[in-house]
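Read the structure below first, then the notes.
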Amino acid sequence: MSLHAYRASLLWFPDGHSHHVQFESDGLLVTERHADGVARIKAIGPHALLHAQYPEVACTDWRGRWIAPGFVDMHIHYAQTDVIASPADGLLPWLNNYTFPQEIRFADPVHAQEVAHFFVDELLRNGVTTALTFATAHTASVDAFFQVAQQRQLRMLAGRVLQDRHSPDGLRDVSAQQSLYETEELIARWHGVDRLGYAITPRFAPTSTEAQLRGAGELAAQHPSVWVQTHVAENADEIQWVAELFPQSRSYLGVYEDMGLLRERSVYAHCLHLDANDRDLMAERGATAAVCPTSNLFLDSGFFNFEQAQAHHLQHGLASDVGGGTSFSPFHTMHAAYTVARQSAGKNGHSLSAEHLWWLHTAGAAQALGLSGVVGNLAVGCDADFLVLNPASTPLMARRTAAAESLQEQLFAMIVLGDDRLVERVVVNGRVGA
Ligand code: GUN
Ligand code: ZN
0 MSLHAYRASL
10 LWFPDGHSHH
20 VQFESDGLLV
30 TERHADGVAR
40 IKAIGPHALL
50 HAQYPEVACT
60 DWRGRWIAPG
70 FVDMHIHYAQ
80 TDVIASPADG
90 LLPWLNNYTF
100 PQEIRFADPV
110 HAQEVAHFFV
120 DELLRNGVTT
130 ALTFATAHTA
140 SVDAFFQVAQ
150 QRQLRMLAGR
160 VLQDRHSPDG
170 LRDVSAQQSL
180 YETEELIARW
190 HGVDRLGYAI
200 TPRFAPTSTE
210 AQLRGAGELA
220 AQHPSVWVQT
230 HVAENADEIQ
240 WVAELFPQSR
250 SYLGVYEDMG
260 LLRERSVYAH
270 CLHLDANDRD
280 LMAERGATAA
290 VCPTSNLFLD
300 SGFFNFEQAQ
310 AHHLQHGLAS
320 DVGGGTSFSP
330 FHTMHAAYTV
340 ARQSAGKNGH
350 SLSAEHLWWL
360 HTAGAAQALG
370 LSGVVGNLAV
380 GCDADFLVLN
390 PASTPLMARR
400 TAAAESLQEQ
410 LFAMIVLGDD
420 RLVERVVVNG
430 RVGA
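End of the sequence shown sits at 433 in numbering that gives the first Met the number 0; the numbers just go up one at a time, nothing left out.
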């Protein structure tokens, strides 16, 4: 088995289940490629201690740089790459005027492939090595995305969008039955192949008939290792619409509960306007929230309540929600999460620490996806997907991080000032990219 070592400053979460971060200023990270083709972390620690154990192993010297876990984006739409930065008076007009017309184009596999390549490049440039993404309501869009992710040896999750009503021609499923049949075929074709995973993907309650949602719930029960992803409680008009369409359900979240879609590995984007019962129910079922602060600010949807999520033990992590979100950069998303947490809390404010924000976009997001110990961390056994950060990437970043008096201050400065320039290289499955 082939080993490789990297010497640099190292940042990781040693216990994998809390946001306590560890920093080793002169560290050694050792990776090993396994028989299944996946390179994983073999050892991590101070160079002075570990070097003697691996004296013969080739070592890349990145002193002066930080190695940190690849970021995990819990909710994004690859087919909305060309929708980013489109203005609208809130969610529903934005969907109708910009998003649906773009998504219709993904019936064309050539277009889907081209966008998938660009999207993956953009994720990596920004330091995101795993994402849970929506495709569109076309099988071709999923095949294109997974083919690209497979070629690039990435760990990625994606699914074909289910939407059989209140959708334009070219995006509306011909029938619930056909869409579910295609979903089953895609699960068989892609789930668990290399580092790929499938997600059953009803768009949101208003664009699915009860038959489609129930069918999705049945598939979710038959395939427990498959993910479920959708949107919930994002926008006031949307919530009102759901109440009219599903008057028998207790709440918007209750619709998904009634259809069998609340379970472990189910990931709910937004979760802005939940009540205490909703939060308890999600926590009880092991469902998790994908928090999308740049999207929520941009579309004026509302503020995720971090305090309430913590109080109800509702697992959550960060996400860009591009193209509703305004940036692929996890630094922008963490910065927005900090702002939103301050805004949404009571009169004393709620300040998320830098290590907590970082956790929510790496090992915490991985945990919320059921991928703890697999991605989002540098702990032994994790996939070798990591970043080389340059804390002197801009004059201001260099000045501010050098002046910082603690690790927390340095991380906070990176979060507030950081963008793609901070990410100097990305290592995917043990292979160093540019
Ligand atoms: N709700 C239903 N579809 C979408 C979407 O594409 N983006 C967002 N932000 N919310 C949605
Ligand atoms: Zn979304």
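Even for Gly, the Cβ is constructed at its ideal location relative to N, Cα and C.
All of these numbers come straight from a predicted model, not from anything done at the bench.
Handout entry: Distance between residue 365 and residue 224 (C-alpha atoms, nearest Å)
Key = Here residue 224 refers to the residue found at position 225 of the sequence shown. Here residue 365 refers to the residue found at position 366 of the sequence shown. For residue 224 and residue 365, the distance between alpha carbons rounds to 15 angstroms.
Practice task
Could you tell me if residue 5 is buried or exposed, where buried requires 16 or more neighbouring beta carbons within 10 angstroms of its beta carbon?
Solution key: Against the sequence shown, residue 5 aligns to sequence position 6. The residue in question, residue 5, is buried, as its Cβ has 16 or more Cβ neighbours within 10 Å.
Problem - Any non-hydrogen atom of the ligand ZN closer than 6 angstroms to residue 320 Cβ - result: Here residue 320 refers to the residue found at position 321 when the sequence shown is read from its first residue. True, at least one ligand heavy atom lies under 6 angstroms from that Cβ.
Practice task
Please name the residue in 41, 73 and 221 whose C-alpha comes closest to that of residue 315.
Solution key: Taking the first residue of the sequence shown as 1, we reach residue 315 at position 316. Nearest of 41, 73 and 221 to residue 315, Cα basis: 73.
Practice task
Check whether the Cβ of residue 74 sits closer than 6 angstroms to any heavy atom of the ligand GUN, and report yes or no.
Solution key: Here residue 74 refers to the residue found at position 75 of the sequence shown. Using a cutoff of 6 angstroms, the CB of residue 74 does not count as near the ligand GUN, since none of the ligand's heavy atoms is closer than that.
Exercise for the section: Could you tell me whether the Cβ atoms of residue 312 and residue 353 are closer together than 7 angstroms? Expected result: The residue labelled residue 312 in the question sits at position 313 within the sequence shown. The residue labelled residue 353 in the question sits at position 354 within the sequence shown. Against a cut-off of 7 angstroms, the Cβ pair of residue 353 and residue 312 comes out as no contact.
Handout entry: Whole-Å CB distance - residue 216 paired with residue 285, under 8 angstroms assumed
Key = Taking the sequence shown and counting its residues from 1, the one referred to as residue 216 is at position 217. Taking the sequence shown and counting its residues from 1, the one referred to as residue 285 is at position 286. About 15 angstroms; that fails the 8 angstroms criterion.
Handout entry: Residues near residue 18 by beta carbon distance below 6 angstroms, same chain, minus five either side
Key = Here residue 18 corresponds to residue number 19 of the sequence shown, with the count starting at 1. The beta carbon of residue 18 lies closer than 6 angstroms to those of 354, 355 and 358 in the same chain, with the five residues before and after it left out.
Exercise for the section: Buried or exposed for residue 441, please, with buried defined as at least 16 other CB atoms from any protein chain shown within 10 angstroms of its CB. Expected result: The chain is shown only over 0 to 433; residue 441 falls outside these bounds and no answer can be derived.
Exercise for the section: Return yes when at least one heavy atom of the ligand GUN lies under 6 angstroms from the C-beta of residue 202, else no. Expected result: In the sequence shown, residue 202 corresponds to position 203, counting from 1. Result yes, Cβ under 6 angstroms from the ligand GUN.
Practice task
Can you grab the Cα-Cα spacing for the pair residue 422 / residue 176, in whole Å?
Solution key: Here residue 422 corresponds to residue number 423 of the sequence shown, with the count starting at 1. Here residue 176 corresponds to residue number 177 of the sequence shown, with the count starting at 1. When rounded, the separation of the alpha-carbon atoms in residue 422 and residue 176 is 44 angstroms.
Exercise for the section: Can you tell me which of the three DSSP states residue 196 falls into? Expected result: In the sequence shown, the residue the question calls residue 196 occupies position 197. Three-state result, residue 196: strand.
Practice task
Leaving out five residues on either side along the sequence, give the residues of the same chain with a beta carbon under 8 angstroms from the beta carbon of residue 184.
Solution key: Reading the sequence shown from its first residue, position 185 is the one you call residue 184. Correct list, in chain order: 138.
Handout entry: Those residues which DSSP pairs with residue 75 across a bridge
Key = The sequence position of residue 75 within the sequence shown is 76, counting from 1. Beta-bridge pairing links residue 75 to 132.
Handout entry: Contained beta strand (DSSP E) runs [length at least 3] in the stretch 33 to 100, N- to C-terminal order
Key = Within the stretch 33 to 100, the complete beta strand (DSSP E) runs of at least 3 residues are 38 to 45, 58 to 68 and 70 to 76.
Practice task
Flag this pair as yes or no: are the beta carbons of residue 94 and residue 136 separated by less than 7 angstroms?
Solution key: Here the question's residue 94 lines up with position 95 in the sequence shown. Here the question's residue 136 lines up with position 137 in the sequence shown. Taking 7 angstroms as the cut-off, the beta carbon of residue 94 is found no closer than this to the beta carbon of residue 136.
Exercise for the section: Give me the Cα-Cα distance between residue 160 and residue 3, rounded to the nearest whole angstrom. Expected result: Locating residue 160 in the sequence shown gives position 161, counting from the first residue. Locating residue 3 in the sequence shown gives position 4, counting from the first residue. Distance between the alpha carbons of residue 160 and residue 3: 40 angstroms.
Problem - Close beta carbons around residue 325, own chain, < 6 angstroms, minus the five adjacent residues each side - result: As a first step, residue 325 is located in the sequence shown; it is residue number 326 there, counting from the start. In its chain, beyond the 5 residues on either side, 293 and 297 have a beta carbon closer than 6 angstroms to the beta carbon of residue 325.
Problem - Three-way DSSP call (helix, strand, coil) for residue 405 in this model - result: Position 406 of the sequence shown, counting from 1, holds the residue named residue 405. The three-state reading of DSSP puts residue 405 in coil, since its state is none of H, G, I, E or B.
Exercise for the section: Indicate the three-state DSSP secondary structure (helix, strand or coil) for residue 26 in the structure shown. Expected result: Position 27 of the sequence shown holds residue 26. In the structure shown, residue 26 adopts extended strand secondary structure according to DSSP, grouped into three states.
Handout entry: Bridge-paired residues (DSSP) for residue 287
Key = One-based indexing of the sequence shown puts residue 287 at position 288. Bridge partners of residue 287 according to DSSP: 266.
Handout entry: Rounded Cβ spacing between residue 317 and residue 277 (contact assumed at less than 8 angstroms)
Key = Numbered from 1 along the sequence shown, position 318 holds the residue referred to as residue 317. Numbered from 1 along the sequence shown, position 278 holds the residue referred to as residue 277. So it is not a contact: roughly 20 angstroms between Cβ atoms.
Exercise for the section: Can you have a look at residue 255 and say buried or exposed, based on whether 16 or more other CB atoms are within 10 angstroms of its CB? Expected result: Taking the sequence shown and counting its residues from 1, the one referred to as residue 255 is at position 256. It is buried - the Cβ of residue 255 has at least 16 other Cβ atoms within 10 Å.
Practice task
Out of 381, 163, 266 and 231, state which residue places its alpha-carbon closest to the alpha-carbon of residue 300.
Solution key: Residue numbering aside, residue 300 sits at position 301 when the sequence shown is read from its first letter. Just measuring C-alpha positions, the residue of 381, 163, 266 and 231 sitting nearest residue 300 is 231.
Practice task
Note down the Cα distance separating residue 305 from residue 204, rounded to an integer number of angstroms.
Solution key: The residue you call residue 305 lines up with position 306 of the sequence shown. The residue you call residue 204 lines up with position 205 of the sequence shown. The alpha-carbon separation between residue 305 and residue 204 amounts to approximately 24 angstroms.
Exercise for the section: Can you tell me the Cβ-Cβ gap for residue 69 and residue 126, rounded? I've got them flagged as a contact below 8 angstroms. Expected result: By one-based count along the sequence shown, residue 69 stands at place 70. By one-based count along the sequence shown, residue 126 stands at place 127. Yes, residue 69 and residue 126 are in contact; Cβ-Cβ is about 6 angstroms, under 8 angstroms.
Practice task
Please go through the stretch 345 to 390 and give each complete beta strand (DSSP E) segment of 3 or more residues, from N-terminal end onward.
Solution key: Secondary structure remark: continuous beta strand (DSSP E) runs of at least 3 residues inside the stretch 345 to 390, in chain order: 385 to 388.
Exercise for the section: Count the other C-beta atoms from every protein chain shown that fall within 10 angstroms of the C-beta of residue 329, then say buried if there are 16 or more, exposed otherwise. Expected result: On the sequence shown, residue 329 is found 330 positions in, with the first residue counted as 1. Label assigned to residue 329: buried.
Handout entry: Best match in 414, 399 and 147 for proximity to residue 195 [C-alpha to C-alpha]
Key = Locating residue 195 in the sequence shown gives position 196, counting from the first residue. Answer by Cα proximity: 147.
Exercise for the section: Could you tell me if residue 191 is buried or exposed, where buried requires 16 or more neighbouring beta carbons within 10 angstroms of its beta carbon? Expected result: Mapped onto the sequence shown, residue 191 falls at position 192. Looking at its Cβ environment, which holds fewer than 16 other Cβ atoms inside 10 Å, residue 191 is exposed.
Problem - Outcome for residue 233 when other beta-carbon atoms lying within 10 angstroms are tallied against a minimum of 16 - result: Along the sequence shown, one-based indexing puts residue 233 at 234. Classification for residue 233: buried.
Problem - Contact the stretch 376 to 393 vs the stretch 412 to 427: 3+ CB pairs below 8 angstroms - result: The stretch 376 to 393 is in contact with the stretch 412 to 427.
Problem - Touching by the beta-carbon criterion (3+ pairs, under 8 angstroms), the stretch 84 to 101 and the stretch 141 to 158 - result: Touching, no.
Exercise for the section: Using only the heavy atoms of the ligand ZN, determine whether one of them is closer than 6 angstroms to the beta carbon of residue 268. Expected result: For the purposes of this step, residue 268 is identified with residue 269 of the sequence shown, where counting begins at 1. Residue 268: yes, Cβ under 6 angstroms from the ligand ZN.
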